[in-house]
Every structure is written in C-alpha cells, then in structure tokens.
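Residue numbers (the working numbering), protein chains in the order written: chain A, 1 to 284; chain B, 1 to 324. Notes follow once the structure below has been shown.
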Amino acid sequence: MRRSLVRKLTNIVALALSTVATLIGLTCLGAILWTLLRSGLAGVSTQLFTHMTPPPGSAGGGLLNAIFGSLAVTAIGIALGAPIGILAGTYLAEYGRDSSLASVTRFVNDVLLSAPSIIVGLFVYEVVVVPMGHFSAIAGALALAVIAIPVTVRTTEDMLRLVPQGLKDASTALGAYPWRTITSVVYPAARSGIVTGLLLAIARVSGETAPLLFTALNNQFWSSNLAAPIANLPVVIFQFAMSPYQEWQQLAWSGALLITLAILLLSIVARVVVSALQPTGRAG
Amino acid sequence: MDQLSIAAGESTHAVRQRLGERLFGAATLVAAGLVLALLGGVTLALFVGAWPALSHFRFGFLTREIWNPVTSQFGALAPIYGTVVTSLIAMLIAVPVSFGVAIFLTELSPSWLKRPVGVAIELLAAVPSIIFGIWGLFVLAPILQQSVQPWLIAHLGVLPSIGGLFRGPPFGIGVLTAALVLAIMVLPFISSVMRDVFETVPDVLKESGYGLGATTWEVVWHVVVPYSRAGILGGVMLGLGRALGETMAVTFVIGNAHRISSSLLAPGTTISASIANEFTEAVGELYTSSLIALGVLLFLITFSVIAAARFMLLRLERRALSTV
Numbered sequence: 001m002r003r004s005l006v007r008k009l010t011n012i013v014a015l016a017l018s019t020v021a022t023l024i025g026l027t028c029l030g031a032i033l034w035t036l037l038r039s040g041l042a043g044v045s046t047q048l049f050t051h052m053t054p055p056p057g058s059a060g061g062g063l064l065n066a067i068f069g070s071l072a073v074t075a076i077g078i079a080l081g082a083p084i085g086i087l088a089g090t091y092l093a094e095y096g097r098d099s100s101l102a103s104v105t106r107f108v109n110d111v112l113l114s115a116p117s118i119i120v121g122l123f124v125y126e127v128v129v130v131p132m133g134h135f136s137a138i139a140g141a142l143a144l145a146v147i148a149i150p151v152t153v154r155t156t157e158d159m160l161r162l163v164p165q166g167l168k169d170a171s172t173a174l175g176a177y178p179w180r181t182i183t184s185v186v187y188p189a190a191r192s193g194i195v196t197g198l199l200l201a202i203a204r205v206s207g208e209t210a211p212l213l214f215t216a217l218n219n220q221f222w223s224s225n226l227a228a229p230i231a232n233l234p235v236v237i238f239q240f241a242m243s244p245y246q247e248w249q250q251l252a253w254s255g256a257l258l259i260t261l262a263i264l265l266l267s268i269v270a271r272v273v274v275s276a277l278q279p280t281g282r283a284g
Numbered sequence: 001m002d003q004l005s006i007a008a009g010e011s012t013h014a015v016r017q018r019l020g021e022r023l024f025g026a027a028t029l030v031a032a033g034l035v036l037a038l039l040g041g042v043t044l045a046l047f048v049g050a051w052p053a054l055s056h057f058r059f060g061f062l063t064r065e066i067w068n069p070v071t072s073q074f075g076a077l078a079p080i081y082g083t084v085v086t087s088l089i090a091m092l093i094a095v096p097v098s099f100g101v102a103i104f105l106t107e108l109s110p111s112w113l114k115r116p117v118g119v120a121i122e123l124l125a126a127v128p129s130i131i132f133g134i135w136g137l138f139v140l141a142p143i144l145q146q147s148v149q150p151w152l153i154a155h156l157g158v159l160p161s162i163g164g165l166f167r168g169p170p171f172g173i174g175v176l177t178a179a180l181v182l183a184i185m186v187l188p189f190i191s192s193v194m195r196d197v198f199e200t201v202p203d204v205l206k207e208s209g210y211g212l213g214a215t216t217w218e219v220v221w222h223v224v225v226p227y228s229r230a231g232i233l234g235g236v237m238l239g240l241g242r243a244l245g246e247t248m249a250v251t252f253v254i255g256n257a258h259r260i261s262s263s264l265l266a267p268g269t270t271i272s273a274s275i276a277n278e279f280t281e282a283v284g285e286l287y288t289s290s291l292i293a294l295g296v297l298l299f300l301i302t303f304s305v306i307a308a309a310r311f312m313l314l315r316l317e318r319r320a321l322s323t324v
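Here is the structure:
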C-alpha cells in the first residue's frame, strides 16, 4: 500500500514539475512579447517609417534608412545564398543521396547550421572587408548569405525527399534525363516546401546582428550604395539601446517590435504552408 | 518533312538534353562543394587573421588574464572563463526545464493543446537574440538587482564554501544574468530536439510499461529516457553549442569586464561579447588579431561540441530508419 502511494506521489510531483517547466517557457515568450508591445508601440507613428535615424540627443526621427538597409541587405543576402542552397540541397536529395561526398556535405552543413554567427562575421571581415579596405553593404549581404545557405540546403533536401518516387519514375519512363525530371517534376511538386524553406531562411537572417556589426556596420544617413556602410535595424537597435539617450532607446524598442513581429509572422506563415503540405508529407 | 531531318532534329534535342544534364549536375555538385569550401574557408581565414596574435603570445594567450589595449598585452583567460561558466550555468537551468517541456508535450498534453504549445515554444526559438539582449538589460536585470540578487547575497552569500559565488554588490548585470538569458534562449532548442527523440520511442515499448502497471513518470524514466539517451545527449550538446557561441544577448547583460571574479554576480565577459564590443574599435594589428584569435578559440570549442552533437543525432537517425 505505502509503496504504491509513494509511486503515485512521485508521479504527480514529476508531472506537475513538467507542467511548471512548460509554463516557465510560455511565460518567457509572453513576457518578451508583452515588453516589446508595451515599450515598442509607444514609438510607432508614421514618422518611424518616413524619417531618418536622428543624431544623438535630439527628438524626432525615425528608422527609414535602417528599415530600407535591412530589407536591402537581407534581399541581396537571400538572392545570393538561396540559389546555392537550393542547388546543394538538390545534390544531396537527388544526385548524391548516400554517397560519401553527400554524407560529408550533410554533416558539414549541419555544423554550419549551428555555428555561431559572429564567426561568420569575422570570416567575411577577413575575406571581404579587409581587401576592400572599408565596411560595406555588400559585405553584410555576403555574411547573411553564408548564414542563409545551410538553412536552405537543409529544408530543400527535406522537401525534395517528400516528392513521391512514383512521380519521378513516371518522368524517367518517358525518357527524361534526371535534370528534366528535377526541374519539370520534382521542383513544381515541392514548390511550397521550398518556399517555406526560403521564408525560414529570411526569418533566420533578418534578425542577425553579430555578423553585421563588422561587415555592414551602420550609417546614420540614407545610403543605397552597396560599397558603402549601410544602416540596418539590428545594429541600430544594438547601438541605440546601449546609448544613454531616451529618444534613441525608444527608437530601439520600436525597431525591436518591428523586427520581431516580422520574424514571427514569417515563421507562422511558413508553418501554415508546411501544415497545408502535411497530407502528402510525413506527419509531425 | 523527310525522315532524315526528323532524325537530325531528334539528335539535336538529345544533345541539348545531355548538355543540360551535364550542366545541371555540375551546378548542383559545385553548390555542394561550396558548402564544404565554406567550412574550410572559415577555418583558413580565421587562422590567417589570428596568426599575428597567436605567434606573438603563443600559449600565453590561453593562460593569461590580462587584456590591455594600451600596452598591447592580450590574454584570453577571462573570456574563456566567462564563456564556459555562463554556458554551464545556463545548461544547469535549461536542461531540466527543457526535459519537463518535452515530457509535457509528448506524454501529458491533451492533443488539442500539443500543437499550440509546441508552436509557441518554437516561436521562442525564432525571436532574434538581440531582442533577448534588450529584454535582459531593461527588464530582467532590474528585477534581479532589486529582488533576487539581494536575497542571494543575504542568504547564500553567508554560507562558507559556495557563499563566495554570491558576494559583492547587486549589479543587476553580470555573469548570472547572462546565464539566465542564455538559459531562456537555448530552452526551445533543447526541448524541441528532446520532443522529437521522445516521439521516436515505439508505442509498443511504452504500452508494455503501462501494461505492467507503471505510472506515467515510471514509463518516462525507465522506458523513454533509456531508449532516447543518445538523442537527449545530442540535444543537450546542440544547446550547449548555441550557448557557447551566443553573442548579442550576452553582450547586453554581461557587463564586459575583462577579469575573473569569484562572484557570479560580478560583471565578466565572454569570447563572443568581447569580439562584438571591441572589434570595430580595435586599433593596431595585434589588437584586431587578438580578437580574431578569440574567434578561433570560439570556433574550435563550438565546432567540437556541435560536431559531437550532430554525430550522436545522426546515429540516432540511422537507428530510427533501420527500425522503421
């Protein structure tokens, strides 16, 4: 009798602790979102989207140049990284499969996927910034591309593997070469999966700060010159939040709200696309 | 159209197809090679950049605490210490909590709650690290400074042996705060890996446990955990890799002091925080090179941890495939 009571109690305590752990996780997410909304919304106005970042200590100003810079650097980074990622993913799923080169590439890609992003920043600094002699938007975009590649490789491979073998066999039976099968049958069948991968890569890349610190740097003014330093939201948030000026800190909060909402929205849309795929794909 | 031209037309078509095959196959191969080259390139570039510092300080770089840009004396001991200590404390907190979350999601949660809670935890992983940083600095640090740290100092600080960890003024920011923020950041990574490996446990195994009259907790502890041990370890190592390399969140709350204090409440620094803070302001080849050398250390540490984690998870994936 006693033994079963002890077992029951242990069970209840353990399961209660597990529920508490989940609540802790959810509370952290809630607390962060609440803080962002409370502190960020106060600074959201049309001015935020129409004015440049202000000089220290002066009221007013917005984040227009930083928003533009972030969009530009992210777009170029994805445009450079995504094709490489998709092709490499195609190699892993279709050509390489279980070959040793594919296994090694898969392993290296997984390592790159979780490598610290500041290392990527140092790498691009050494390879691009030092030879150019100064910080530049293109260096920032390259750093983001390096971060986007492993994400795209991984999702592309996973998504291409979901395409039923029968479809590919049918194409091969019609006499198509593998490349025809891949471009005309496999890619269209996996299109929404690949798009999901791209969305996730954009979400991952657009919040990155560390790799931009010493590649794109920052710029207080409007710049669309790829060879010059460019303003971008993450670095502006970093510098403004660490500053002693009230106005700058407010802008940092508003920028943080913008960037988080954009990323969460991208992640949720990506999830919806994946779950729409679910019936043909694997569960869970 | 006569016979001959049809044959000729077909053959140019076939030639085009063959050419397309060559080009496309080569393009995918080159892209895959580029992924491999990236890792090689990163290693090479970092070592080249770090060479002046490494050849100048030799092994002293690893063992000296001094970090003085004015006299150009640099040692990595304080950042290494900060990186290791913050990550270890973060893991001490995050691993049990992640375990609880994974158990809740796989064994406890009613099915209608599973997906929303799972997605919420995954969204926590999507929040950029800089957001954790400003949240830690403006929200968490004041709370710690006003209530938690005074309590720690008054109650734990007076204890004989571990008391030294909790002495000194409550700064708010410091090693402990950084560890807490890191713990929150790696929690979703560890728990989603754990959840995934728990789901690979065959239902038959769990059902035979329940059939013998085991409670839910007993099934988890005696069936699920032993079965997924390698996966749990892989998830923990992956989280550790994240914690070791995390930059922005730590930079905000660690205080950036290049010294080793016995107290966890004191400001410190980590490898990544030092690089993020000082790199753009570093003047002189030796200073820049020393920071890149810090990057090399970080790269070596995280690379070995992540590689070990991936290796374990890979073995698990193979096993899952062979049992299906």
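Glycine included, C-beta positions come from ideal geometry on N, C-alpha and C.
What residues are listed by DSSP as bridge partners for Trp67(B)?
Your numbering for residue 67(B) matches position 67 in the second sequence. Trp67(B) is bridged to Phe74(B).
Cβ-based neighbour list, Thr83(B), same chain, cut-off 7 angstroms, excluding 5 preceding and 5 following
Taking the first residue of the second sequence as 1, we reach residue 83(B) at position 83. Closer than 7 angstroms at the Cβ level, and outside the excluded window around Thr83(B), lie Leu244, Thr270, Ile271.
Taking only the alpha-carbon atoms, compute the straight-line gap between Ala31(B) and Ile86(A) and give it to the nearest angstrom.
In the second sequence, counting from the first residue as 1, residue 31(B) sits at position 31. In the first sequence, counting from the first residue as 1, residue 86(A) sits at position 86. For Ala31(B) and Ile86(A), the distance between alpha carbons rounds to 8 angstroms.
Name, going along the chain, the residues of the segment 247-266 of chain B whose beta-carbon falls closer than 9 angstroms to a beta-carbon of chain A.
Taking 9 angstroms as the cut-off between beta carbons, the residues of the segment 247-266 of chain B near chain A are Thr247, Met248, Thr251, Phe252, in sequence order.
When you compare the segment 8-28 of chain A with the segment 98-117 of chain B, are there three or more beta-carbon pairs, one atom per stretch, that lie closer than 8 angstroms?
yes
Where the alpha helix (DSSP H) through Asp110(A) begins and ends:
Sequence index remark: in the first sequence, residue 110(A) carries index 110 (1-based). Segment 100-113, the alpha helix (DSSP H) holding Asp110(A).
Can you find a CB in chain B that lies within less than 9 angstroms of the CB of Asp110(A)?
Here the question's residue 110(A) lines up with position 110 in the first sequence. True, the Cβ-Cβ gap to chain B drops below 9 angstroms.
Please confirm if Pro96(B) has its CB atom under 9 angstroms from at least one CB of chain A.
Taking the first residue of the second sequence as 1, we reach residue 96(B) at position 96. Yes, Pro96(B) lies at the interface with chain A (some Cβ there is under 9 angstroms from its Cβ).
Measure the beta-carbon distance from Ala293(B) to Ala37(B) and round it to whole angstroms, keeping in mind my assumption that it falls under 8 angstroms.
Numbered from 1 along the second sequence, position 293 holds the residue referred to as residue 293(B). Numbered from 1 along the second sequence, position 37 holds the residue referred to as residue 37(B). With a contact defined as Cβ atoms closer than 8 angstroms, Ala293(B) and Ala37(B) miss out at about 23 angstroms.
Helix, strand or coil at Val283(B) according to DSSP, with G and I counted as helix:
Taking the second sequence and counting its residues from 1, the one referred to as residue 283(B) is at position 283. In the structure shown, Val283(B) sits in coil (DSSP, three-state: anything other than H, G, I, E or B).
Alpha-carbon spacing of Leu41(A) relative to Gly60(A), whole angstroms:
Here residue 41(A) refers to the residue found at position 41 of the first sequence. Here residue 60(A) refers to the residue found at position 60 of the first sequence. In a straight line, the C-alpha of Leu41(A) is about 15 angstroms away from that of Gly60(A).
Touching or not, the segment 238-245 of chain A and the segment 137-147 of chain A, by the rule of three or more beta carbon pairs under 8 angstroms?
no
If you pair each beta-carbon of the segment 45-64 of chain B with each one of the segment 210-223 of chain B, do three or more pairs fall below 8 angstroms?
no
Own chain residues within Cβ distance below 8 angstroms of Ile80(B), not counting five before or after:
For the purposes of this step, residue 80(B) is taken as residue 80 along the second sequence, with counting starting at 1. Within the same chain, Ile80(B) has close Cβ partners Leu62, Ile271, Leu297.
Run through DSSP, which three-state label would Arg319(B) get?
Start at 1 with the first residue of the second sequence, and residue 319(B) comes out as number 319. Correct three-state label for Arg319(B): helix.
List the residues of chain A that Val42(B) touches, going by C-beta distances under 7 angstroms, in chain order.
Stepping through the second sequence from its first residue, residue 42(B) is reached at position 42. Chain A residues near Val42(B): Ile119, Phe123.
Looking at the C-beta of Gln145(B), does it have a partner C-beta in chain A at a distance below 9 angstroms?
As a working note, residue 145(B) is residue 145 in the second sequence. It does not; no Cβ of chain A falls within 9 angstroms.
Can a CB atom of chain A be found closer than 9 angstroms to the CB of Pro142(B)?
Within the second sequence, residue 142(B) is the residue found at index 142, counting from 1. Taking Cβ atoms only, chain A never reaches closer than 9 angstroms to Pro142(B), which makes this a no.
Chain-ordered neighbours of Ile179(A) on chain B, where CB pairs are closer than 7 angstroms
Numbered from its first residue, the first sequence carries residue 179(A) at position 179. The sequence shown places Trp at residue 179(A), rather than the Ile named in the question. Simply Gly20, Glu21, Phe24, Gly25.
Return no unless some Cβ of chain A is closer than 9 angstroms to the Cβ of Gly295(B).
Taking the first residue of the second sequence as 1, we reach residue 295(B) at position 295. Chain A, which has a Cβ nearer than 9 angstroms to the Cβ of Gly295(B), makes this yes.
Look up Ser58(A) in the DSSP assignment and say whether it is helix, strand or coil.
Within the first sequence, residue 58(A) is the residue found at index 58, counting from 1. Here Ser58(A) sits in coil by DSSP.
Backbone CA spacing between Ser55(B) and Gly193(A) [nearest angstrom]:
Counting from 1 along the second sequence, the entry for residue 55(B) is found at position 55. Counting from 1 along the first sequence, the entry for residue 193(A) is found at position 193. In a straight line, the C-alpha of Ser55(B) is about 49 angstroms away from that of Gly193(A).
Enumerated in chain order, which unbroken segments of the alpha helix (DSSP H) with a length of 4 residues or greater are wholly contained in the segment 188-246 of chain B?
203-211, 216-219, 229-245
Check whether the Cβ atoms of Thr280(B) and Phe238(A) lie closer than 9 angstroms to each other.
Along the second sequence, read from residue 1 onward, the residue named residue 280(B) stands at position 280. Along the first sequence, read from residue 1 onward, the residue named residue 238(A) stands at position 238. No, these two residues do not count as a Cβ contact at 9 angstroms.
By a C-beta neighbour count over all protein chains shown, 10 Å radius and 16 as the cutoff for buried, is Gln47(A) buried or exposed?
Position 47 of the first sequence, counted from the first residue, corresponds to residue 47(A). Gln47(A) is exposed by the Cβ-count criterion.
Would Val193(B) and Leu264(B) be called neighbours here (beta carbons separated by less than 9 angstroms)?
By one-based count along the second sequence, residue 193(B) stands at place 193. By one-based count along the second sequence, residue 264(B) stands at place 264. Their beta carbons are not under 9 angstroms apart, which means Val193(B) does not touch Leu264(B) by this criterion.
Cutoff 6 angstroms; reference Ala252(A); Cβ partners in own chain excluding five residues on either side:
Taking the first residue of the first sequence as position 1, residue 252(A) is located at position 252. Within the same chain, Ala252(A) has close Cβ partners Ile237, Phe240, Ala241.
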